[in-house]
Amino acid sequence: MVKKGFGADSSHIKGLGWCSVGYGSNTGVVDVREGKILRTRNFDYTECYTPEQLNAWSIDARGKTLHAPMKSVLPPLSIAYKSRAYSKNRVPYPLLREDWSPEQRNPQNRGKSKYKRISWDEALDIAEAEIRRQYEVYGPGSVLCMCDGHAETKTIHCAHGAMVNLMENVMGGCTVSARQADSWEGWFWGAEHVWDGFPTGQGYQSNLLYDICNNTELLLCWGCDQETTPWGWGGLWASVMSFHFSDIGIQQIYISPDVNYAAAVHADKWIPVYPNTDLALQFAIAYVWITEDLYDKEYIATHSVGFDWLEYEVMGGESGIPKTPEWAEEICGVPARTIKSLARRWAKQATSVAHCNGGSYIRSAYSHEPGRMEVCLLAMQGLGKPGCNQFKFFEWGLLGTESTKAMPASVLDPSIIAAYNGAFTHRYQRFVPKTLIPEGILAEKPLYWHSIPCVSMPKEVQFEEHRFPATDDDPYLHMIWTDSPCWSTCWNDGNMFSEALRNPNMEFIMAQHPWLENDCLYADLILPVSTKYEQLDVNNELNQGTPNTFFIETPCIDVIGEARTDWEIVCNIAERLGVLEEYQTDAGGHLRKDTETCIKLAFDDSGLSDFISWDDFQKQEYASVPYRENWRDAPCGYRDFYEDPEKNPVSTMSGKLEIYSKALAANFPDDRERMPYPHYIEEGETHQESRRGLRGEKYPFLLVSNHPRWRVHAQMDDVPWLRELSKQMGEDGYAYEPVWINPRDAEKLGVKDGDVVKIYNERGWVLGGAVLTERIRTGVVSQDHGARIDPIERGVSDRAGANNLIAPKGTTSKNCPGEVTSGYLVGVEKADLVQLATEYPDAFNRAIDPQEGPSIMNWIRG
Amino acid sequence: MKVFVFDAARCNGCCGCQIVCKDEHCGNDWMPYAKPQPMTGHFWCKVDQVVHGQAPVVKIEYTPRMCNHCDNAPCIAAAPDAVYKREDGLVIIDPEKAAGHAELVDACPYGAIYFNEELSLPQKCTGCAHLVDAGELPRCVDYCATGALRFGDEEDFADEIAQAEVLGDPALGPRVYYLNRPHLFLAGNVWDPDANENIEGAVVTLLDAEGAILSKQETDDFGDFNFKRIDAGGYRLRIEAEGFKTAEREVDLQESLYVGDFPLQR
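Sequence order for the protein chains is A and B.
Note that the working numbering gives residue 785 to position 793 of the first sequence, counting from 1, and the numbers run on in steps of one.
Each position in the second sequence, counted from 1, maps to that position plus 52 in the working numbering.
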């Protein structure tokens, strides 16, 4: 029993991170009084263990000691999250679109119609009938299961994918929306071909905290915001580390278009770069190193292949233009003299490049180019040399791989996977990449692409051609079942998605979700889901610096409204379809009949029985395991490869860093957008997103759209304490999503601080509240993504600032179906609110909750 | 007697102190010290934010503001029957006795008192007296991951208090101390336009309006200099580098400034 907090009747351990898919984090304690959540606080791992029992690590380096955190360091989001349980936007009961019936489906009204209350029995009747109908009329494959992405991290009651196991494995087949390597695009499509970094394309992280503390002199935080992105996956530990790095004399230089939240407090220097021009900056650094003899030629000779191709390209290449700092200055906006200083500093000091995923560096058009050129630069300075690696501030231990454990490792990774009821990434029978979902819905002839675009897939999968429908005998799509209804505010060209959802061929859309938000507005049937505060579950937190811990999450509060868990809903539907037992029987033959059974399955599978008995575990409600005695001996990043590449090759075909990729050359000989070695591609067949190009004349700003500071993607946009902290109040009393504009640009635009502005391109427009700030460089505006959609005109415009609606449709490049959701062209102008309110009275007269924003009662009849 | 000590150099700006204050008090009754805080609109702990400088030298200053728990508290003077000071120094608005005392909002020179319309009650930071009584820390302090915000006995913080500033009138005896406040900076860049190179090692002298030398720096390998933690006023910058003509510039510093670049002439 976890120790009760002051004033609490009961206290409950909860994993309060938002990865959703099996990556637990942010372990906290929720105190409850009189049936209501009282507070959320950090978890103390030493409640049942001493630091000595856990072999708590410490790193002594350069006169200071960094200790293992024995308490969690929750982000503010985890504290404020309780508001989501009590949100007025919770789906109160099953809802049916009032003008939908099996006879009259009215797809054209999706996103416009209101909903009416129905009973669970009626809802399950409809779900059962529609699923049966799909299989009878079209056969397997006509149902699209949209089932991945981020949400509450749950195990048994998995937020995502419970229906895939039913539809794909039991019912005979479905089409799955296959999640991209969405926060890792540039590394996945680019870097992976140089160093084969499993599972995301990023470099080996093993024991890098130890390496950095001891050896690194300079951290290049390239498009990196460790005070934002890790919040959903690891809390404030990255922040603590960053202060420690400064304390022991490690310089931090930030290269980004914005003074992000980490640069704001940790930067020794900020180098403002135009979004999606990093490749030019990188090429110019290589130019300085080559011309001034500042790189490790011996390493390049012994550890890489194809460097001469890169050297040729940098020194002139096909275009004949040397990639000098002066050449780069024109493109990336960084003074040539600063580029030279940066190049020399990097060559002089033990340098690691640090990242936090997302943003324009890695989610822009052709992001594979900077992604892989970074590896080439690291190679030129001896990748794996003490202090010289690529470091990521969070997300360690992904998929349990040793190579991703940047923190001191533990003796056991107690997995919850045996209890997981969600979907695993696999070789789907039928799938459409998430970036191509609108095209998949609208398809009338086969749609083709390369790869199964999911992390953990071997890079060779990128060379496979896939299609939808998978065969000529397969049906096109006629139904969607989604448990992750936030595509429109998280992916590429949400306006096209809105159009696709209104297609007459799409007969039925069913969403299950705790809140009536985003894609739910386009569903025909909405099923209410409970939050994790209302559920019994099991969870863990592994390889995050804190002790590896496995815990039971007991319910804190009664179920709100008529909600059921995601898994329960799928079980309910399986029962209606007469396949419940088959659905609940897993590959090992276990009948997963209830939550308690699943918890025991997970415990038995976790390896914890060597450390604690089942009875004691139930009493403690958590179990932590010690760090390894010899954790210091684990190789640091690429150290083994650095020391002996023949004995310790990387897992490329040649065993070396493939600066020139023969595999890319062989498989895509005609691809001018991703050639065998890095190139600067300003514009191409797929994208014209350069401020110097023709579209740049019409849309002169580049939009930076980072992982949001006060949300996790689409989650939490209605949390009152976060809204009052972050939103920009317009003169019409609406809380707009902030847009950072440099004061010099604002002056030219005639925009004042607090004005509402329109951000637009040919794909549509969204509104935002202008914040005039030096935190963004000129020529660039910044608005976080993931605002909760408040449509003005469906498929065209949005009041809440959901800028993914106007992100490019085109994927990373021709043969790379990754997302491009940052660093693209927009125009900016002051919005005329009076005129807009006149032109769009429905949208501008919606009921607004003063604390939570647009009310769901705008969408519910009665 | 208890004090709060905030170290600006350790603050990551996460605003967690502001959020946990709401977590502890919104909708939660901690009588006899506090009735529930409204869901929004009150900031018993509020993080102020100032953007310093201009591209490419920009830093953010975060400052949590809570009740100063003054030793000579104007709110106690304004309503001595309704506001009291505990033995440990925390100033408490008695929720029973202060009902209706809207004037207390204006009594605080720092805007730390808010009026709860629903309860007709002035409210503010209690220092989480309910937790302190139980031997725990105020929520904002307990939460702070970086150790920027601390709380404890005055004598234990004596050395730091000697270095600290207060935000407010010292005569009122505020008990919240601020370390390492950044004040203002004056930054710039020195370079050689003929070679298109930054100049490392240029000597940059900061003088006051009368010409007295205040400080000297050498530019780093990016040609950058930055005089930190200085205050508003008239300054003169002198830039000297071997082989170049000396450059000077007058600066009327009102806010942190990236003064621009100095292309030195040979």
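Glycine is no exception: its CB is placed at the ideal position from the N, C-alpha and C atoms.
- Excluding the 5 residues flanking it on each side, glutamine 269(B) has same chain C-beta neighbours closer than 6 Å at Val256, Phe277, in chain order.
- The beta carbons of aspartate 516(A) and arginine 89(A) sit closer together than 9 Å.
- Proximity of chain B to phenylalanine -2(A) at the Cβ level (cut-off 8 Å) is accounted for by His182, Leu183, Ala186, Glu188, in chain order.
- For the stretch 134 to 175 of chain B, the continuous alpha helix (DSSP H) assignments of 4+ residues that do not extend past its boundaries occur at 156 to 159, in sequence order.
- Following the DSSP letters along the chain, one finds asparagine 564(A) inside the alpha helix (DSSP H) bounded by residues 558 to 568.
- By the criterion of a C-beta distance shorter than 6 Å, serine 175(A) is surrounded in its chain by Asn349, Gly350, once the five residues flanking it on both sides are discounted.
- A residue is called buried once 16 or more other Cβ atoms fall within 10 Å of its Cβ, and arginine 102(A) is buried on that count.
- Under DSSP, tyrosine 287(B) forms a beta bridge with Asp260(B), Val303(B).
- A straight-line Cα-Cα distance of about 12 Å links arginine 31(A) and aspartate 1(A).
- Between phenylalanine 274(B) and chain A, the shortest Cβ-Cβ separation is below 9 Å.
- For leucine 309(B), no alpha helix (DSSP H) run applies; the uninterrupted beta strand (DSSP E) run containing it begins and ends at 309 to 315, by DSSP.
- Not a single CB atom of chain A sits nearer than 9 Å to the CB of cysteine 127(B).
- Around proline 846(A), the same chain offers Asp782, Arg838, Ile840 as residues with beta carbons nearer than 7 Å, after the five sequence neighbours per side are excluded.
- Rounded to whole angstroms, leucine 228(A) and threonine 198(B) show a C-alpha spacing of 8 Å.
- Each residue's CA atom was taken as its position, placing glutamine 126(A) and glutamine 421(A) some 17 Å apart.
- Nearest to alanine 829(A) by C-alpha distance, out of Ile784(A), Asn807(A), Cys808(A), Ser814(A), is Ile784(A).
- Beta-bridge analysis with DSSP links aspartate 841(A) to Gly845(A).
- Cβ contact annotation for glycine 253(B) (same chain, cutoff 6 Å, sequence separation greater than five): Glu270, in chain order.
- In this chain, phenylalanine 460(A) is not harboured by any alpha helix (DSSP H); it is covered by the beta strand (DSSP E) spanning 457 to 460.
- For aspartate 790(A), the three-state secondary structure derived from DSSP is strand.
- The Cβ-Cβ distance between serine 643(A) and phenylalanine 299(A) does not fall below 9 Å.
- If you ignore the 5 residues before and after glutamate 177(A), its C-beta comes within less than 7 Å of the C-beta of Ile354, Arg355, Ser359, Thr804, Gly810, Glu811, all in its own chain and listed in chain order.
- Against chain A, the beta carbon of alanine 86(B) has no neighbour under 9 Å; the closest one sits roughly 12 Å away.
- The residue from Met83(B), Asp59(B), Phe279(B) with its alpha-carbon nearest to that of cysteine 180(B) is Met83(B).
- Counting other Cβ atoms within 10 Å of its Cβ, alanine 214(B) stays below 16 and is therefore classed as exposed.
- According to the DSSP assignment, cysteine 97(B) belongs to no alpha helix (DSSP H) but to the beta strand (DSSP E) extending over 97 to 106.
- About 6 Å separates the CB atoms of aspartate 511(A) and serine 480(A); that is less than 8 Å, so the two are in contact.
- The beta carbon of tyrosine 166(B) sits closer than 6 Å to those of His94, Gln175, all from its chain and outside the five residues before and after it, given in chain order.
- Histidine 185(A) carries a helical assignment under DSSP once its states are collapsed to helix, strand and coil.
- When 7 Å is used as the limit between beta carbons, lysine 74(B) is near these residues of chain A: Trp713, in chain order.
- Pairing glutamate 739(A) with serine 448(A), the inter-Cα distance amounts to about 47 Å.
- Residue burial is scored here from C-beta neighbours: tryptophan 851(A) has at least 16 other C-beta atoms within 10 angstroms and is therefore classed as buried.
- Not a single C-beta of chain A is nearer than 9 Å to the C-beta of glycine 152(B).
- When rounded, the separation of the alpha-carbon atoms in alanine 799(A) and asparagine 484(A) is 5 Å.
- Using a CB distance below 7 Å, the part of the stretch 264 to 293 of chain A facing chain B consists of Pro264, ordered along the chain.
- Leucine 797(A) has a beta carbon lying at 9 Å or more from every beta carbon in chain B.
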